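The listed protein sequences derive, respectively, from chains A and B.
The first sequence: position 255 = 1259 (this note's numbering), numbered continuously.
The second sequence: position 160 = 205 (this note's numbering), numbered continuously.
Don't be surprised by glycine CBs; every beta carbon is placed ideally from N, CA and C.
In this text, all values refer to a predicted model and were calculated from it rather than measured experimentally.
Since the structure comes first, as structure tokens, the remarks are kept for the end.
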Amino acid sequence: MQYSKNTSILKYGLIAVLLCLIISIFFYMQFFLDKPVFLKHYYDLVIREDMRMNLHFITNSSDNIRINKIEFPQLPNDFAHIELDYFTNISENGYFRSQTHTHYNYNELCLLIHVLGENENENEESVILDKAVVHYSGGDSQEVDIGKIILHKNVKQTNMLTSEFTKSSNDNTSAEGFAPADNIIDDIFIESIKSDLNDELKGIFELKLNGADVRDLSYPIDISAGEILRFESRFKFEPEDDRIYNVYDIHGRISVADSQGNKGIMRILNLYYNPSEVFISEKGIIQYLKEIGVR
Amino acid sequence: MMEQGYKKIFWGFLITIFDINFGHINILPDFIGYFIMGLGIFNVYEKFENNNLKTANILANILMCYSLIMGIVKYAAATNIIGPGSYEHPIYVIINLILTIVINSVILIMAFKIISGTVDLYLQREMEDKAVILINKQKNYTVLTIIGLLIISICFNFSNEYYITASAIYMVVVNLYFAAILRDSWDSGCENGDAV
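Written out as structure tokens, the structure is:
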């Protein structure tokens, strides 16, 4: 009567554990990202003091690094200052939101915009940002392609239109209603409805005014008092369209004028899309990483 | 003396199973548990010189040193004494997993050797029935622990909170099974001339 049989169980069991560990590590390393992967952001924003914008990126689920600072080399020093929003990025890893999966996390980081020297009486200014330098807590930094973020300041806003209702849905649709303000007696005119990202949005985004595509309308459009302008938007992607992995945030700009020659801009909000539904399972993230050649 | 030895092994092992933290400080650190286990194994070894017990004692001392060093490192990292970068690289997850598997394997071998030494003790005392029962328990414990190690070794490819929690609970239950084996051991030892 001996325990030699048990010794064999122990020996071969530990060998099995060792083999399983090696295979497991090898499999895990196949999914490993050397650096966080930032999505492409297509934003067209009329900025205001303390406005927020979010950056979306993918990290290894095992990453504990934190982002300390993000710089935008193309942002002039006197245009605006953009910093991490410490009051919003309050999740455990210092982000605004994270979807956690086995190998990857899909994260959202909130940035706070401070507009410098804003004056609506001055000419409108715009900058295009397509690069960001991300500084991590370990001391590393990474230059990333963030897509195309257009920021406008000194945009003269109008109070000729007032927002009557607004709604947005997680099926990537939204609606917003406007009407001439109560103090407007004469007719007003919509001179244009536009975004500087029309090319990037072609084929995936539609914006309708009272049922008609805004690109097909004849401008100026005469608006009489009491008339309701119902804007409806929708992001829709064809099956093979890799833009489904991008993030979009558009401030549609309605240029309004009255008969006295007063002009101003009204923003259409909630023209927003992010791929959180695509990344709700890790399969979507893996597919995205394959398409951009990271895996 | 031998009963005292088994009691020390039992209580020392219980200390290593459960962690009670007060802030960053673990008030029942593992190295104390392994130290008490080492003392207990030595007490048994003094009365019954056996190679299995000798090996178990060496392994308990190795585990004590490792736990002491890791306890200091973890405390220093948690309180930022050694800087925040030490745990931040993702490769730490892999190193941590390898260490977890290695240490749990060492614990398994130590426990296996303690049981083997006890089986030898029973056989020397001609308690064959109890030896057979203990050998079966040794087989159960070994198989259950190996299964636990296999589950842990694949955890980061199937990791979610439920999986990790379930595997941690599983390992605690298996370790409690070993603690129960130890308890039976001193009961059986006392029945048949502990005061050797």
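- Scanning its chain for C-beta atoms nearer than 6 angstroms, with the 5 sequence neighbours on each side dropped, one finds around A:Gln-1161 the residues Gly-1268, Ile-1269, in chain order.
- Leaving aside the five residues that flank A:Glu-1204 on each side, the residues in its chain whose CB is nearer than 7 angstroms to its CB run, in chain order, Tyr-1046, Lys-1152.
- Taking the Cβ atoms as the reference, A:Tyr-1277 lies roughly 7 angstroms from A:Val-1251, within the contact range of under 8 angstroms.
- In the DSSP assignment, B:Gln-49 forms no beta bridge with any residue.
- One thing to note: B:Lys-92 has its Cβ no nearer than 8 angstroms to the Cβ of B:Met-155.
- Chain order gives the chain A residues near B:Ile-146 as Val-1021, Leu-1025, where near means a beta carbon separation below 7 angstroms.
- Here A:Val-1159 carries a coil assignment [DSSP, helix/strand/coil].
- A contact between stretches requires three or more CB pairs, one per stretch, nearer than 8 angstroms, and the region 1068-1076 of chain A fails this requirement with the region 1272-1289 of chain A.
- Put simply, the backbone Cα of A:Glu-1295 is about 14 angstroms away from that of A:Pro-1243.
- Of all residues in the region 183-204 of chain B, those with a C-beta nearer than 7 angstroms to a C-beta of chain A are Gln-183, Lys-184, Thr-187, Val-188, Ile-191, Leu-194, Leu-195, Ser-198, Ile-199, Phe-201, Asn-202, Phe-203, Ser-204, reading in chain order.
- Here A:Met-1033 carries a helix assignment [DSSP, helix/strand/coil].
- Looking only at A:Asp-1134, A:Asp-1149, A:Asp-1054, A:His-1060, the smallest Cα-Cα distance to A:Glu-1122 is reached by A:Asp-1054.
- The beta carbons of A:Gly-1256 and A:Ile-1194 sit no closer together than 8 angstroms.
- In the three-state reduction of the DSSP assignment, B:Lys-92 falls in the helix class.
- Residue contact with chain A for B:Val-118: absent (no Cβ-Cβ distance below 8 angstroms to any residue of chain A).
- With respect to the C-alpha of A:Lys-1212, the residue from A:Ser-1263, A:Pro-1184, A:Ile-1272, A:Thr-1166 having the closest C-alpha is A:Ile-1272.
- Interface annotation, B:Ile-178: not in contact with chain A, CB-CB separation never under 8 angstroms.
- Non-local beta-carbon contacts of B:Ile-146 in its own chain, meaning distances under 7 angstroms to residues more than five positions away in sequence, involve Leu-194, Ile-197, Ser-198 in chain order.
- Note on B:Thr-210: under 16 other CB atoms within 10 angstroms of its CB, so exposed under the neighbour-count rule.
- For A:Ile-1154, no CB of chain B lies under 8 angstroms from its own CB, so it is not counted at the interface with that chain.
- For B:Val-164, the nearest beta carbon of chain A is closer than 8 angstroms to its own beta carbon.
- Taking one beta carbon from each stretch, the region 1124-1132 of chain A and the region 50-59 of chain B have fewer than 3 pairs nearer than 8 angstroms; the two do not touch.
- Take A:Glu-1075, set aside five residues on each side of it, and the residues of its chain with a beta-carbon closer than 6 angstroms to its own are Val-1137, in chain order.
- At a cut-off of 8 angstroms between beta carbons, A:Phe-1031 contacts chain B.
- With respect to chain A, the C-beta atom of B:Phe-93 has no partner C-beta closer than 8 angstroms.
- Boundaries of the alpha helix (DSSP H) around B:Ser-161: 136-169.
- For A:Tyr-1090, no chain B residue has a C-beta closer than 9 angstroms to its own C-beta; the minimum C-beta separation is roughly 17 angstroms.
- The C-beta distance from A:Thr-1092 to A:Phe-1083 rounds to 22 angstroms, too long to meet the 8 angstroms contact threshold.
- Short of 7 angstroms from the beta carbon of B:Ala-105, and not among the five residues preceding or following it, lie these beta carbons of its own chain, in chain order: Tyr-79, Met-82, Gly-83, Ile-86, Met-155.
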